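Visitor: Can you read through this structure? Questions will come right after.
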Amino acid sequence: MGTKKNSKPGKGPWWQEGVDLSQLDWTPVPSGELSGKQRGHLKSLAHKLRPVVRIGQEGITPGVISEIRKQLLNHELIKVKWADLSDEEGPKKEQARALAQSVGAHFVQLLGHIVVLYRAPDAGALEDGRTPKIQLP
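Quick note: the sequence shown, position 72, residue 72 per the UniProt record's numbering, numbers continuous.
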């Protein structure tokens with residue numbers, strides 16, 4: 001496992017350096033944390049899901065973040081397969097939480113190379129008559 005393509009000499013991991021996301025349209029991370037009961041409910045719903053986004057050797061790019069955001073808007077609860085997730089750039093869970101923050105979602109779970117993310121629909125989507133697909137306890 002050598003140096004990753006998205007790692008640059010003299011710079012820290014992607015989540016510490018930040019990725020320029022100014023072109024992307026989104027709202028910030030939802031306020032508050034998920035309770036244990038809510039997290040457990042989301043884990044049970046995520047069990048049957050397949051990953052809808054795959055993060056490859058190039059790592060986190062604005063295109064990947066845009067695609068994750070789009071999938072969250074469509075599905076609310078998604079799995080992301082992160083092929084090169086390793087402890088080389090820091091603890092895996094810290095990287096997964098940073099990914100969730102960068103896409104404006106809640107981190108639900110990390111299983112191996114699979115990250116589960118949740119985002120409730122935006123207020124604008126609810127005003128358009130859309131109802132949430134997932135009701136949290």
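Ideal placement from N, C-alpha and C gives every residue a C-beta, glycine not left out. Note that this is a predicted model, so its numbers are computed, not measured.
1. In this structure, does DSSP put Y118 in helix, strand or coil?
2. Over what stretch of residues does the beta strand (DSSP E) that includes P62 continue unbroken?
3. So the candidates are E76, L72 and K93; which of them puts its Cα closest to the Cα of W82?
4. How long is the line joining the alpha carbons of T131 and A96, rounded to whole angstroms?
5. Straight-line CA distance for S44 to V115?
6. State the Cα-Cα distance for the pair V103 and N74, rounded to the nearest angstrom.
7. Alpha carbon to alpha carbon, how far is I65 from Y118? Give it in angstroms, no decimals.
Guide: Let's see:
1. strand
2. Per DSSP, P62 belongs to no beta strand (DSSP E); it is in the alpha helix (DSSP H), P62 to H75.
3. K93
4. 28 Å
5. 14 Å
6. 14 Å
7. 14 Å
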